[in-house]
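Note that our numbering gives residue 62 to position 62 of the sequence shown, counting from 1, and the numbers run on in steps of one. Glycine included, C-beta positions come from ideal geometry on N, C-alpha and C. These numbers come from a predicted model, not from an experiment. Here is the structure we will look at, set down as structure tokens.
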Amino acid sequence: MVARASTISHHEECEGSCCPHPPPPCWDPAEDLRCIATTFQYLQTSGWYWGSISASEAREALLTKSEGTFLVRDSSHPQFVLALSVKTSCGPTSVRIEYSRGCFWLDSISPGLPRLQSFPDILSLIQHYKSSGHTAQDQASNGIHTKTKPNPASGVALKLTNPLHKPEAFPSLQHLARLTLNRHTNCPDHLPLPNPLLRYLQDYPFDI
């Protein structure tokens with residue numbers, strides 16, 4: 001999902017006059033509740049959502065892990081709901097996740113830059129950066145906003161490889177089987193499976 005963009009058409013009869021911009025489309029606040037509830041449902045199922053741990057606790061958990069290991073946690077900043085903590089080549093760091101009108105995206109390091117690609121939920125965001133091999137730095141030359149930036153001028157290249165599961169939330173064999181099926185098919189709805197199993201696959205349509 002990409003950020004919405006609007007185009008204003010100027011007609012010949014408007015030449016020489018001021019054409020007002022159309023008002024932004026109405027947004028139902030109930031959609032915010034639906035989007036955020038869906039994201040948290042996915043995160044709880046994933047096993048790598050660590051909840052209300054601090055940035056220091058996330059750093060400690062990731063310190064000895066390989067580069068690209070990541071987790072999602074609650075943000076300590078009052079203006080953000082969630083943050084992505086990841087082990088980079090320069091050590092563990094955290095990236096804030098922004099949300100507005102049904103879209104999630106990574107926080108840009110500079111307010112002057114266009115925002116990064118947006119997604120309908122955080123799992124789609126994570127899967128995009130993990131599976132495509134792209135980094136946030138590919139989309140914004142000045143990098144991303146991180147809690148600890150070793151090089152403020154160039155930012156930190158974001159590379160996602162493996163999620164770090166909470167010890168008490170390690171996935172079940174059933175969930176691992178679902179992840180395997182999702183990795184090997186783009187159309188799970190067409191698999192010759194009973195309806196309850198198809199619904200189980202639809203409840204978590206990701207491979208991470």
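Any heavy atom of the ligand GDP closer than 7 Å to the Cβ of residue i?
i       : result
Pro-194 : You won't find the ligand GDP in this model; it holds no ligand whatsoever.
Helix, strand or coil for residue i? Go by DSSP, reduced to three states.
i       : result
Ser-108 : strand
Cys-26  : coil
Asn-162 : coil
Thr-64  : coil
Tyr-204 : coil
Phe-119 : strand
Thr-7   : Only weak support is given to the placement of Thr-7: the predicted model assigns it a pLDDT of 29, under 50, and the value that follows is read from those uncertain coordinates. Note: Thr-7 maps to coil in three-state DSSP.
Asn-151 : For Asn-151, the pLDDT reaches just 35, beneath the cut-off of 50, and the residue's location in the model is therefore unreliable, although a value from the coordinates is still provided. Three-state DSSP puts Asn-151 in coil, outside helix and strand.
Cys-187 : coil
Could you please give the first and the last residue of the uninterrupted beta strand (DSSP E) stretch that includes residue i?
i      : result
Arg-73 : 70 to 74
Glu-98 : 91 to 100
Leu-84 : 82 to 88
Applying the criterion that 16 or more other CB atoms from any shown protein chain within 10 Å of the CB defines a buried residue, is residue i buried or exposed?
i       : result
Asn-195 : exposed
Leu-158 : buried
Gly-51  : exposed
Asp-189 : exposed
Trp-27  : exposed
By Cβ distance below 7 Å, which residues in the same chain neighbour residue i in space, the five residues on each side in sequence not counted?
i      : result
Ala-83 : Arg-73, Ser-75, Ser-94, Val-95, Arg-96 and Ile-97
Ser-54 : Ser-76
Gln-64 : The question names Gln, yet the displayed sequence has Thr at residue 64. Excluding positions up to five away in sequence, the list is empty.
Just the Cα atoms here: how many angstroms apart are residue i and residue j?
i       : j       : result
Cys-103 : Leu-198 : 27 Å
Arg-34  : Leu-173 : 29 Å
Leu-176 : Val-81  : 28 Å
Thr-38  : Lys-130 : 20 Å
Ala-140 : Asp-107 : Residue placement at Ala-140 is flagged as unreliable, the pLDDT there being 41, under the threshold of 50; a coordinate-derived value is accordingly withheld.
Asp-32  : Pro-192 : 35 Å
Leu-125 : Glu-168 : 24 Å
Ser-56  : Thr-185 : 38 Å
Ser-118 : Arg-183 : 22 Å
Asp-121 : Ser-100 : 11 Å
Gln-41  : Leu-71  : 16 Å
Cys-90  : Pro-78  : 26 Å
Leu-43  : Tyr-49  : 6 Å
Ile-36  : Ser-66  : 30 Å
Lys-166 : Pro-29  : 32 Å
Only counting the same chain, and skipping five residues up and downstream in sequence, which positions put a Cβ closer than 6 Å to that of residue i?
i       : result
Arg-59  : Pro-92
Pro-171 : Gly-47
Trp-231 : Absent from the model: residue 231. The displayed extent of the chain is 1 to 208, so no value can be given.
Leu-123 : Tyr-42 and Phe-206
Taking residue i as part of the alpha helix (DSSP H), name the residues at either end of that continuous run.
i       : result
Gln-182 : Residue identity check: residue 182 is Asn in the sequence provided, not Gln. Counting along the chain, the alpha helix (DSSP H) containing Asn-182 begins and ends at 173 to 184.
By Cβ distance below 8 Å, which residues in the same chain neighbour residue i in space, the five residues on each side in sequence not counted?
i       : result
Thr-69  : Leu-62, Val-86, Lys-87, Thr-161, Asn-162, Pro-163 and Leu-164
Gln-127 : Phe-206, Asp-207 and Ile-208
Leu-210 : No answer is possible for residue 210: it lies beyond the span of the chain, which begins at 1 and ends at 208.
Asp-203 : Thr-45
Arg-178 : Tyr-200, Leu-201 and Tyr-204
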